[in-house]
Structures are given as structure tokens and as C-alpha cells.
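Shown next, in C-alpha cells, is the structure this report addresses.
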Ligand SMILES: Nc1ncnc2c1ncn2[C@@H]1O[C@H](COP(=O)(O)OP(=O)(O)OP(=O)(O)O)[C@@H](O)[C@H]1O
Ligand SMILES: [Mg+2]
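Protein chains in written order, with the working numbering: chain W, -13 to 214; chain G, 25 to 432.
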């Protein structure tokens, strides 16, 4: 079997809630995500799904335990290395406040590539327009990010998450704010991208219908994982 | 997105553009600050230049005079008690000893660019029933004009000094009812007298000087004042006008003369200029500080407003360094933009004030000196101030925890 794209070894996360009190949100989680997988992450509100996603996405560090991305241990890496890894290997779709409002839809999609490259280029812009075309938004590519519907913003965010051809896309309730038709469309888009490019997806959702259509479901309850 | 610009520059421009109300207000504030500094600095420089021009064209940069005459009481025996009070002798018109040698020595000095000897004394100018006491300066025009730009002050007649010619000021001409071509009788203190023809009138821009000063040929003055072959003064021009005092002291130390530089004779002016400059520096400092605080305040608010954007950028791979630069650049851009508009406003105000403010005689109060260097300096300074002011907000932005920023 190919090595896992993500591997968690006894990962715990505690938050300081007014020193010296601490509360542990994740309790010794062991988890593996296969390359090319399309997995749903479900669980009740407050169970720690977003916390787990942020740790896997290198936005947050575990309090204890080890996280390996493509076999590489991350606990000893510095901020600059984590940032590089995050920029090149991982794409994010956040639940709310998806886009940077000072930029157009196209520029938002270009952003990860521009950050990595230092400046824009025709190649980068062409790729961004291509991605927007794939999510059906070429007509509004030059609109300001704020002048778009929730579903459109969600699709721009997906295009942006795919820009760097990441190994892994983490999506935190990407369909949470959408009506069921738009939710179906966005979900189909993610599924299609997974099939075409082989990018791994980990998607937090409360929609059990959609979760059942994934390759696997990971359930988090009270900071512990139950694999179904 | 602009292709040639680095990501951080594009980001900084867009962030400033999106918060245009904040940006507009702070740029307005910086504009006023820079305008005040540009206006004040340029006007001060203009006033100073104006004064320097007046002083340096109407008097020698260094004057060599005969040493002061002192009374030396005789001592016969060491135990003899002297008079407690020694009266200062009245200062007679006396020539500088060996003045030709001194002139030659001065001409050999590398710092000295021009040397002119002259003879000055008092005389009574008489025309009909009117008479005025005047100061007669005997000069050698070709040499003297390189020290004092008398040509610039001529208002009538010609600057010609044959042995029977005299140049007088416009006030004296009015008092005596004389004009170019008229004859004046001059009575020297020693009893000699000459009849001279008014060759030209000058206006030194000072009523007292126009009334008292007259110029004749050196030989004429020598005979009128009864000091044949002597001079009372040697004027010097030097290469570096601000070194005049040092040079004067060196000359006095190695020659039997008194040496006064224009710096010493205009000490009051220099004190005033220094006080002005200190005030100016203080004002600049405080304007700079308030501009810096304004920029910092605006950017601190911007960092808070944009914490989610910062989180997204960090999640997409932006490093702390890039976020830091993004905000430092915003500070620099604000300072730069304000300095451009401020320089224009300051220059505009200066041009307006220059056209409105006049001296009593209608001439300009200060020359309009709009030096590009001033604008370059203010742009650099304002940009640097902006970057420094942005330091605290930028550090704060770069240290934001991306998770907190996104959750916010
Ligand atoms: N910075 C923090 N400080 C303290 N507690 C926190 C912090 N972040 C999260 N928590 C707590 O950790 C727990 C898990 O939060 P998390 O956001 O991961 O839940 P979730 O499963 O994503 O919930 P939801 O479905 O509502 O998004 C919650 O009890 C939350 O209050
Ligand atoms: Mg959540």
C-alpha cells in the first residue's frame, strides 16, 4: 500500500482557558488518510472537527503527538517550513469568510500561486482562468469577490484550493451555507476533481447524505475518532 | 493583478485602495504635515539666501583694518603707581602699515579670490546752501567691484570713477538737490577740498547708507583725506564664505591688522538664523511624530479589520515575512503618497505667498527657491517615517495566529 498522505500518531490538543486551567479538545487521535482518498469528517458540533482539520492543515500545532504529511514528521519543523508545506501541499476551503475581498475572483484563485512565486505571471493567470472555467465561473472571473453569491464564492474557494495542485484539500463544511441544489453541485465538483486529479479530500460535513457518498467516513465524538 | 509588481506590493496597494476612506483621511493628514515642512523650509532658505545676497554683495567678506590705537602709559620704575584709568585715544584716520605687502600676501592665499584696498574717511559735501557730512570711500573700481557688487545698485548715470568723479546715494542726491552731471564741493577734515562731478547714483536699499556713503577714485580720497599713498581698509573675498571667520583669524594672527569677517559683523543675523533653524527642526520633529502616530493608528485598525484576510493569506502559504512586508509597505506608501501631495501643496502655498508677501519697498520678501532636493528629501523622509510607523502594526499582523485570525 502507498504511504499515507496524512498520519496522526496519538495527537492531543489542549486549549488554555484562563491560566492555569486547560481543556483537552482532542484526546490521543490515531488516524491515516490514504492518497487519493475522498473522506468525510462528521460529528456533533463542538466535537473537535475544525480543530482536527486545522492541525492536519498545519495551521495549528498539536499539544502532544506527531503529525506526518506524506511521511514527513512535522513537530520539529519551524514556522517557515510549515508555511511552505502548507502553501504547496495543502488547499483549504473554509466555512465562512472564504475570499479576500480586496481582490477579484480570478485574483483570489491566483493568490496561492502568486504567493509562492512572489509575483504574478501570464501562466498563473491562465491557470486561474482555467480553474474558474472548470467550476463554471469564467463569466464572473473579474468580479469583485464580495459581489458574488454564497455558492459562487464557495466555488471560487474550491478553485483556489486546487490552484497549487495540492496533495490534500481540507474543506470545512464547504456546503454548510448553501441550499441543497448548490450543495449537490459543489459536492459533485469536489468528487470530480478527486477523480480527475487524484487529490485527496477531507471534508467536514453535517450532511449525512453527502457523507455516505464518500469513500470513507471518520466520525469524531468528544475529541475521539470512530472510524466507520 | 499587476504582473510586474511583487505580490506584497499588489496586496498593499489593494488593501489601501479598499479602505479608501481611512486611506484618504490619513493621506490628507500627511499632506498637511509635509506641506507645512516644505513651506517653512523653503521660505527659511529663501529668506536666508536673500539676506546673504544682500550682505555679501554690499560688504567685503573679510575686512582688514589698521590695528586699534591704544594708549600705552609710560612706566619708569616698577614701584611707580600708574594712573588707574587709561583713556582710549581717539581713532585718527591712519593707513594700514605696509599695505601693498599685505595685499600681495593676501593675493597669494589660495582661499582668497579677490583683494581690494580702499581709503575711507569723513568729509562735508556742499552744494549751494546745503551741506551734508558724508563718508568718502576711495576705491579702485576694477578691484573693488569684485568684492562689492556696486554695479547691481546703480540706478542712474554710470559707474565711472575718473579723478574728479563721485558716486552718491539717491537720498544724498535728493537732500543736496544734485543729479548726474552736477558738481559737488567736498571738504576733507584735514582742510583739503575738491570739486567733484556726480557720475552716478546708487541705491543700496538702506536709507542711512544712501545718505552717507559716497565713492570716489582712490587717489582722490587719499588727497582729500590727507593720507597720501595710504589705505584704511583691505577687503577680501573668499572661496568658502562660511570659512571667512577662520580665515580672518588666521590673517589677523600673522599680519599687523585687524581682520573682521562678515560672519562676525553679522553675528546677530546668524544667531537669528540658528534660532529659526532650531525652531524649524523642532516643528519638523513634532509634525513627523504626529504623522507617524497617525499612520500607526490607521494601520493598527487595519490589522484588526483584516485579521481574517491575513489568516487566509497565511493558510495559502504567505510567510510571516510577507505579511510583515505587506503592512510595512502600506505605511511606506501612505508616507510617500502624502509627501507627493504635500510637496505640491507646500510649493503651491509658497508660490502664492511669494506673489502676495512683499517687502516695504515692493521687492520680494524671499526668493522663490523650490529646490528638487527638498522634495526628494521630504519624500524619502515621509516614506521612511511611514515604514517605521508601520513597524508595530506590521509585527502584530505577522504574529497573528492563522487559526485565530480565520476563526475570529
Ligand atoms: N481557541 C480555543 N480556545 C478554547 N477552546 C477552543 C478553542 N478553539 C476551539 N475550542 C473548543 O474546542 C472544541 C472543539 O471545537 P471545534 O471548533 O473543533 O468543533 P467543531 O467540531 O468544528 O464544531 P462545529 O461543528 O460547531 O464547527 C469546542 O468545545 C470549542 O469550544
Ligand atoms: Mg467547525
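Using N, Cα and C, we set each Cβ at its ideal position, and we do this for glycine too.
All of these numbers come straight from a predicted model, not from anything done at the bench.
Anticipated Cβ contact below 8 Å, residue i with residue j, distance rounded
i                     : j                     : result
residue 274 (chain G) : residue 87 (chain G)  : Not confirmed; about 15 Å, so no contact.
residue 53 (chain G)  : residue 232 (chain G) : Going by Cβ atoms, the distance from residue 53 (chain G) to residue 232 (chain G) rounds to 48 Å, so no, they are not a contact pair.
residue 361 (chain G) : residue 51 (chain G)  : 5 Å
residue 181 (chain G) : residue 224 (chain G) : 3 Å
residue 150 (chain W) : residue 102 (chain W) : 7 Å
residue 410 (chain G) : residue 358 (chain G) : 5 Å
residue 117 (chain G) : residue 251 (chain G) : 6 Å
residue 100 (chain W) : residue 31 (chain G)  : 5 Å
Buried versus exposed call for residue i [16 or more other C-beta atoms within 10 Å across all chains shown]
i                     : result
residue 145 (chain G) : buried
residue 156 (chain W) : buried
residue 94 (chain W)  : buried
residue 226 (chain W) : Nothing about residue 226 (chain W) can be read from this structure; chain W reaches only from -13 to 214.
residue 332 (chain G) : buried
residue 428 (chain G) : exposed
residue 177 (chain G) : buried
residue 23 (chain G)  : No information on residue 23 (chain G) is available, as it lies outside the stretch 25 to 432 that chain G covers here.
residue 6 (chain W)   : exposed
residue 124 (chain G) : exposed
residue 131 (chain G) : exposed
C-beta neighbour in chain G for residue i, strict 9 Å
i                     : result
residue 191 (chain W) : no
residue 105 (chain W) : yes
residue 13 (chain W)  : no
residue 119 (chain W) : no
residue 86 (chain W)  : yes
residue 98 (chain W)  : yes
residue 73 (chain W)  : yes
residue 89 (chain W)  : yes
residue 36 (chain W)  : yes
residue 50 (chain W)  : no
residue 101 (chain W) : yes
residue 123 (chain W) : no
residue 169 (chain W) : no
residue 43 (chain W)  : yes
Nonlocal neighbours in the same chain, by C-beta distance under 8 Å from residue i, ignoring five residues either side
i                     : result
residue 80 (chain G)  : 265, 286
residue 175 (chain G) : 169, 183
residue 293 (chain G) : 75, 79
residue -13 (chain W) : Bear in mind that the predicted position of residue -13 (chain W) carries a pLDDT of just 46, short of 50, making it unreliable; the figure below should be weighed with that in mind. Once the five neighbours on either side are set aside, the close Cβ partners of residue -13 (chain W) are 20.
residue 301 (chain G) : 68
residue 199 (chain G) : 154, 156, 235
residue 11 (chain W)  : -1, 0, 1, 34, 37, 209
Cβ neighbours of residue i in the same chain (closer than 6 Å, five flanking residues each side left out)
i                     : result
residue 140 (chain G) : 167, 168, 171, 259
residue 254 (chain G) : 119
residue 98 (chain W)  : 149, 150
residue 157 (chain G) : 148
residue 61 (chain W)  : 52
residue 356 (chain G) : 407, 410, 411
residue 41 (chain G)  : none
residue 185 (chain G) : 165, 241
CB contact check: residue i to chain W, cutoff 9 Å
i                     : result
residue 426 (chain G) : yes
residue 356 (chain G) : no
residue 30 (chain G)  : yes
residue 295 (chain G) : no
residue 48 (chain G)  : no
residue 42 (chain G)  : yes
residue 420 (chain G) : no
residue 336 (chain G) : yes
residue 341 (chain G) : yes
residue 308 (chain G) : no
residue 351 (chain G) : no
residue 35 (chain G)  : yes
residue 346 (chain G) : yes
Other residues of its chain near residue i: CB distance less than 7 Å, five sequence neighbours each side excluded
i                     : result
residue 280 (chain G) : 91, 121
residue 391 (chain G) : 70, 73, 74
residue 322 (chain G) : 46, 50
residue 147 (chain W) : 77, 78, 79, 155
residue 393 (chain G) : 66, 69, 70, 73
Listed by chain order, chain C residues near residue i by CB distance under 7 Å
i                    : result
residue 80 (chain W) : Of the protein chains in this structure, namely W and G, none is chain C.
Cβ pair count under 8 Å reaching 3, the segment -13 to 2 of chain W against the segment 15 to 23 of chain W:
Taking 8 Å as the limit for Cβ pairs, the verdict is that the segment 15 to 23 of chain W does touch the segment -13 to 2 of chain W.
Report yes or no: do three or more beta-carbon pairs, one from the segment 119 to 128 of chain W and one from the segment 54 to 72 of chain W, lie closer than 8 Å?
The segment 119 to 128 of chain W is not in contact with the segment 54 to 72 of chain W.
Do the segment 42 to 50 of chain W and the segment 72 to 82 of chain W touch if we need at least three Cβ pairs shorter than 8 Å?
A contact exists between the segment 42 to 50 of chain W and the segment 72 to 82 of chain W.
Between the segment 126 to 143 of chain W and the segment 185 to 200 of chain W, do three or more beta carbon pairs fall short of 8 Å?
Segment contact: the segment 126 to 143 of chain W against the segment 185 to 200 of chain W, fewer than three CB-CB distances shorter than 8 Å; contact not assigned.
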